[in-house]
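Just add 43 to wherever you are in the sequence shown, counting from 1, and you've got this note's numbering. By construction, the Cβ of each residue, glycine as well, lies at the ideal position given by its N, Cα and C atoms.
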Amino acid sequence: MIDVALLSELSFAKGLPPRALESLATMAGLQTVAGGEVLFREGALCQDLYLVQTGLFTLDSQISAEGRVTILEVGPGELLAWSALLGEGSMTATATAIEESRIIVLPGDKLRTLCHVDHDFGYSLMRHLAIALSKRLLATRLHLLGSFAPTDHNKGGASR
44 MIDVALLSEL SFAKGLPPRA LESLATMAGL QTVAGGEVLF REGALCQDLY LVQTGLFTLD
104 SQISAEGRVT ILEVGPGELL AWSALLGEGS MTATATAIEE SRIIVLPGDK LRTLCHVDHD
164 FGYSLMRHLA IALSKRLLAT RLHLLGSFAP TDHNKGGASR
């Protein structure tokens, strides 16, 4: 169990009803992750959902032609391992702490049960998840577009 005030400070939790924050706080725990430590690996099962309180994580994925590619950085207030909330805990990326980080751990099975039992809570949580994923998708898209931006040596045009 953690203090509700700790959760309410995080951007992911902004706007969640007080009752939802209290429910999350009762099931949550805190964990410190050392810099360089892998929190979860792409393809591995992960049962918990994480909220970053402090620190920074990279999300990287195996791209066959490129090797491992960093897709995104995730920082305070943001969500990691969202697949655990859906009960499909196979991770789509590897999360590595860039620096010592503190995360709030929410057990996926308890979250799913609470969503099933309390539909108002479930709606609020899933709405916040959808908003977070929409932002994540946009950030990933912008990052990928930047990866394909032309450089001086490969711009088209005739030489003079």
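Subject >> Three-state secondary structure (DSSP) of residue 54 >> reply: helix
Original post:
Which partner residues does residue 131 have in the DSSP bridge list?
Top reply: Answer by DSSP bridge pairing: none, since residue 131 is not bridged.
**OP:** If I'm right that residue 68 touches residue 44 with Cβ under 8 Å, what's the distance once you round it to whole angstroms?
**Re:** 6 Å
Original post:
From residue 148 to residue 162, what does the alpha carbon distance come to, in whole angstroms?
Top reply: Taking the straight line from one Cα to the other gives about 22 Å.
Subject >> Where residue 80 sits in the DSSP three-state scheme >> reply: coil
Original post:
CB residue 92 to CB residue 64, shorter than 8 Å?
Top reply: no
Original post:
Which residues share a DSSP beta bridge with residue 103?
Top reply: 113, 137
Original post:
Who are the Cβ neighbours of residue 53 in its own chain at under 6 Å, not counting the five residues just before and after it?
Top reply: Cβ neighbours of residue 53 beyond the five flanking positions: 94, 120.
**OP:** Would you check if the region 133 to 153 and the region 72 to 87 touch, i.e. whether three or more CB-CB distances between them fall below 8 Å?
**Re:** Cβ pair count under 8 Å is three or more, so yes.
Original post:
By the 10 Å Cβ neighbour count, where 16 or more other Cβ atoms means buried, how is residue 59 classified, buried or exposed?
Top reply: buried
Original post:
What are the residues that DSSP puts in a beta bridge with residue 144?
Top reply: 76
Original post:
Can you tell me the Cα-Cα spacing of residue 140 and residue 75, whole angstroms?
Top reply: 10 Å
**OP:** Put residue 61 into one of helix, strand or coil per three-state DSSP.
**Re:** helix
Subject >> Burial state of residue 110 (16 or more Cβ within 10 Å) >> reply: exposed
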